[in-house]
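Chemist:
In my numbering, the protein residues as written are 1479 to 1715.
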């Protein structure tokens, strides 16, 4: 049995993170000041500095990149969004990858998932307690080993996907790279819908201390894989 130790955070901050995560699922374009207003409407007085720090810890700030990305060494790795107007006609045509924050009773984890846009099947996933770029790359490698290579992989402009290792691997596999437009969370609408279903129906109602892989697998896959079959699995039946 494989276990994951949640990242630790102050209980008061965990409650703020949970509330902001639920709000983000409904309003994914809401920024720092919008979250400050949201919390104040709930009689929670906190400033932009604290909200910004917690959103970054949750990985949400990735869809609001700074104007001058070159200072971070990322601008040369950003690719255009290639899915607008594209008709997705078969499995492994387009995969979308994203990372989301999963609240736990005494901490939090990060869930990385890859969805096949055509079949809506979750072709790869894993959980971690850090946002290290290598984690996302390992999820992609494992998914390719099981399901074969996609033609296109779409992601946001987060640091995990605008780093030399990620770009070099996709180019070595001759996979077309697509990235959401700056500040456009809904460019990755397929996996955003999955996150919303996952969190509203399973995570928010069942937050517990348990962090074993069996629990997270149940939470992350139940609502999709029982009705959406990827061709690689259908052939095995």
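Even glycine gets a Cβ: it sits at the ideal position worked out from N, Cα and C.
Which residues mark the beginning and the end of the alpha helix (DSSP H) in which residue 1513 is found?
Modeler: 1510-1519
Chemist: Restricting to Cα atoms, I'd like to know which of 1622, 1598, 1513 and 1617 is closest to residue 1604.
Modeler: Comparing Cα positions, the closest option is 1617.
Chemist: In terms of alpha-carbon separation, which member of 1673, 1497 and 1644 lies closest to residue 1588?
Modeler: With distances taken between CA atoms, residue 1588 lies nearest to 1673 out of 1673, 1497 and 1644.
Chemist: Hey, how far is the Cα of residue 1519 from the Cα of residue 1531?
Modeler: Taking the straight line joining both Cα atoms gives about 20 Å.
Chemist: With H, G and I counted as helix, E and B as strand and the rest as coil, what does DSSP make of residue 1543?
Modeler: Confidence is the limiting factor: at residue 1543 the pLDDT is only 42, short of 50, which leaves the residue's position unreliable, though a coordinate-based value still follows. Correct three-state label for residue 1543: coil.
Chemist: Can you list the beta strand (DSSP E) stretches of 3 or more residues lying completely in the segment 1585-1664, in chain order?
Modeler: 1585-1594, 1600-1606, 1630-1633 and 1654-1657
Chemist: Cβ of residue 1623 within 8 Å of Cβ of residue 1647?
Modeler: no
Chemist: Span of the alpha helix (DSSP H) holding residue 1675?
Modeler: First-last of the alpha helix (DSSP H) with residue 1675: 1667-1676.
Chemist: Pull up the distance between the alpha-carbon of residue 1600 and that of residue 1511, whole angstroms please.
Modeler: 33 Å
Chemist: With 16 other CB atoms within 10 Å as the buried threshold, where does residue 1625 fall?
Modeler: Buried is the call here.
Chemist: How big is the Cα-Cα spacing for residue 1675 and residue 1650?
Modeler: 34 Å
Chemist: If you follow the alpha helix (DSSP H) that residue 1502 is part of, which residue opens it and which one closes it?
Modeler: Annotation for residue 1502: the continuous alpha helix (DSSP H) segment containing it runs 1489-1504.
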